[in-house]
């Protein structure tokens, strides 16, 4: 049987989602937990590959098992077994060909910025001391909808075959005392969101003009875009799938 698992994690202690040869990852910890509890070797495939230090309030992965189990009971056991920074929310059966990565319709990320020093959120937000022109940053975010090729925001030496992404949502907004950037697309390139945010911060600091973003994107040159903001303030917040992946009992 093939199953989807919905989870969240604080990425501070992990070198990203994907298994690494010499560093701990979320995928490795979850695979070991499932294999131990189900008493079989379990491999999981995630909806994406969050980088070192990036968090996820909603992540999906799929796995296969020959062992019979009650989904709600396995959720309970996993949460008791896993460390405090990984939480399991749901496990459900899906069609045999359902794929957590390739069947995802969209992914949504959130980047959190605090504009005042906060001793309680410094480890999961970016503190920006300087005054930001939020209107300029919001204007820049709308330019993203005019393009599909975002090579300028991609990490270099990547193995992707295309740099095309369909941006569905991109905006800046305030939530309590924080400034958030929200972006939704069918797919994301490595480092893409962090490079976008860094570039728009430069626009908000008047280091770049809003219209410079057109030139940056058209250049397809990572060195022309802004710096990559730290990973600890980035969150994968939503992954959407077609209803057809679920198994009809």
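Numbering (this note's numbering), first residue to last: -15 to 233.
For every residue, glycine included, the Cβ atom is placed at its ideal position computed from N, Cα and C.
It should be emphasised that the depicted structure is a prediction, and the values quoted were computed from it without experimental measurement.
{"Item": "Anticipated Cβ contact below 8 Å, residue 42 with residue -8, distance rounded", "Value": "6 Å"}
{"Item": "Cβ pair count under 8 Å reaching 3, the stretch 190 to 203 against the stretch 150 to 159", "Value": "no"}
{"Item": "Option in -1, 32, -6 with minimal Cα separation from residue 223", "Value": "32"}
{"Item": "One or two residues paired with residue 71 in a DSSP bridge", "Value": "-8"}
{"Item": "Reference residue 200, options 130, 160, 226, 164, closest by Cα", "Value": "130"}
{"Item": "The stretch 89 to 105 touching the stretch 164 to 181, judged by at least three CB pairs closer than 8 Å", "Value": "yes"}
{"Item": "Interface flag, residue 138 vs chain C, CB-CB below 8 Å", "Value": "This model lacks chain C altogether; it includes just one protein chain."}
{"Item": "At least three beta-carbon pairs within less than 8 Å, the stretch 74 to 84 to the stretch 132 to 141", "Value": "no"}
{"Item": "Cross-strand partners of residue 223 (DSSP beta bridge)", "Value": "91"}
{"Item": "Element boundaries [alpha helix (DSSP H), containing residue 123]", "Value": "118 to 127"}
{"Item": "Residue(s) in a DSSP beta bridge with residue 151", "Value": "169"}
{"Item": "When 160, 49, 79, -1 are compared against residue 216, the one with the closest alpha-carbon", "Value": "-1"}
{"Item": "Proximity below 8 Å, CB of residue 69 to CB of residue -3", "Value": "yes"}
{"Item": "Residue 43 CB to nearest heavy atom of the ligand ATP below 7 Å", "Value": "Only the bare structure without any ligand can be found here, which leaves the ligand ATP out of the picture."}
{"Item": "Contact set for residue 29: own chain, Cβ-Cβ below 8 Å, skip 5 residues either direction", "Value": "45, 46, 47, 83, 84, 85"}
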